[in-house]
Amino acid sequence: MKLSREIRQLEAEAIYILRDGIADAERPVLLFSGGKDSTVLGHLARKAFFPGHPPMPLLHVDSTWEFQDVLDFRDRFASAYGFELTVYANEEGRARGLNPIDHGEVYTTTMRTDALKKALDAGRYDVIFGGARRDEEATRAKERVASIRGDNHSWDPRQQRPELWMNFNWRRAPGQTIRAFPLSNWTELDLWRYIVSENIELSPLYYARPRRVVQRSGTLIVVDDPDRWPWSAPDQARLRSVRFRTLGCWPVTGAVESNASSAMEILEELTATRSSERGGRVSDGRSLEGQKREGYF
1 MKLSREIRQL EAEAIYILRD GIADAERPVL LFSGGKDSTV LGHLARKAFF PGHPPMPLLH
61 VDSTWEFQDV LDFRDRFASA YGFELTVYAN EEGRARGLNP IDHGEVYTTT MRTDALKKAL
121 DAGRYDVIFG GARRDEEATR AKERVASIRG DNHSWDPRQQ RPELWMNFNW RRAPGQTIRA
181 FPLSNWTELD LWRYIVSENI ELSPLYYARP RRVVQRSGTL IVVDDPDRWP WSAPDQARLR
241 SVRFRTLGCW PVTGAVESNA SSAMEILEEL TATRSSERGG RVSDGRSLEG QKREGYF
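The sequence shown begins at 1 in my numbering and counts up by one.
Written as structure tokens, this is what we have:
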């Protein structure tokens, strides 16, 4: 599949943002979740600085409830693309046995938000690249490409700087960092067209195959780790052909029924769907904007 002019323009824009941000960064980092967005961003970083190695490490915040396929893919990706990989987990939260079902908001704050902030502080990172897109969710659309974070990585959408054309302000006052989003103007379809054209390897979770699932409140949950199944009666799981459109902690990330087992088949499937990309995420009851104001990515 040949890239359209529009996708080439998005690729050029993302590469420009990566290079522009790196030029002003002292300790840059690329957040890597193992999902399709951060994978495409890693691919673009490799292209942006080829033939040299990417001049920033990958940072993965491990919630301890990641899909095993994500962890395996993360390690393969970093090795294949020449990235240094740093993994951080909130060991205090692990010791408390927090999980996303029983502890909801406390789990998200402790294992995601607090863990990310501690990891960024430990690495003294100042420009943090991530794969968020504006079309994902209304709060994401409030972000600038170069989004200022204040003390303790707090975010105030009313205090963001204007961005005229392709002029980005990377200056940081003491205590400030920048979250940078090179994929801001991409859509889910743009992403999959690029994945098909560039033949980018993704986590196998994105492709349909028979998986053991249970249905909870209308959401299909894949039993990724039966030994840590947070509910009773895991034997109720049944094989169904499913895949994921977005990845998170496995007990709260819904799969979709599908037979699309290749990137091209997924692209064809998405052109006919009207459901939300993040519709399968089980919320902990808080708004995404509230979480982001406190430092959530």
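We put the CB at the ideal spot given by N, CA and C, even for glycine.
Contact between the stretch 153 to 171 and the stretch 35 to 55 is absent, with fewer than three C-beta pairs closer than 8 Å. Our two residues, H53 and S258, have alpha carbons roughly 37 Å apart in a direct line. Counted as a single uninterrupted DSSP element, the stretch harbouring A119 is not any beta strand (DSSP E) but the alpha helix (DSSP H) occupying residues A115 to G123. No Cβ-Cβ contact shorter than 7 Å links G104 with D37. The shortest CA-to-CA distance from T187 to any of D121, A141, A80 and R179 is the one to A141.
Fewer than three Cβ pairs drawn from the stretch 176 to 196 and the stretch 62 to 75 lie within less than 8 Å of each other, which leaves the two stretches out of contact.
Rounded to whole angstroms, the separation of the alpha carbons of V213 and Q236 is 8 Å.
A distance below 8 Å between beta-carbons, with the five flanking residues on each side excluded, links T271 to the following residues of its chain, in chain order: L189.
Its Cα nearest to that of L267, the residue I195 stands out among I195, L164 and D114. Judged by their CB atoms, G34 and S217 are not nearer to each other than the 7 Å cut-off.
Taking the Cβ atoms as the reference, D102 lies roughly 39 Å from A25, outside the contact range of under 8 Å. In this structure, D69 is the residue among F83, N199, D69 and L10 with its C-alpha nearest to the C-alpha of R211. The criterion of a C-beta distance shorter than 7 Å is not satisfied by I128 and R76. Looking at the DSSP output, Q215 shares a beta bridge with L220. Residue burial annotation: E84 is exposed, with fewer than 16 other C-beta atoms found within 10 angstroms of its C-beta.
Of the other Cβ atoms in all chains shown, 16 or more fall within 10 Å of the Cβ of F181; this residue is therefore buried. DSSP places L85 in the uninterrupted beta strand (DSSP E) bounded by L85 to Y88. A Cβ-Cβ contact shorter than 7 Å links P100 with P251. If you ignore the 5 residues before and after R193, its C-beta comes within less than 8 Å of the C-beta of M1, L3, S4, I7 and L267, all in its own chain and listed in chain order. Shortest Cα-Cα distance from S261 to any of V29, S241 and R124 involves S241. For P226, the three-state secondary structure derived from DSSP is helix.
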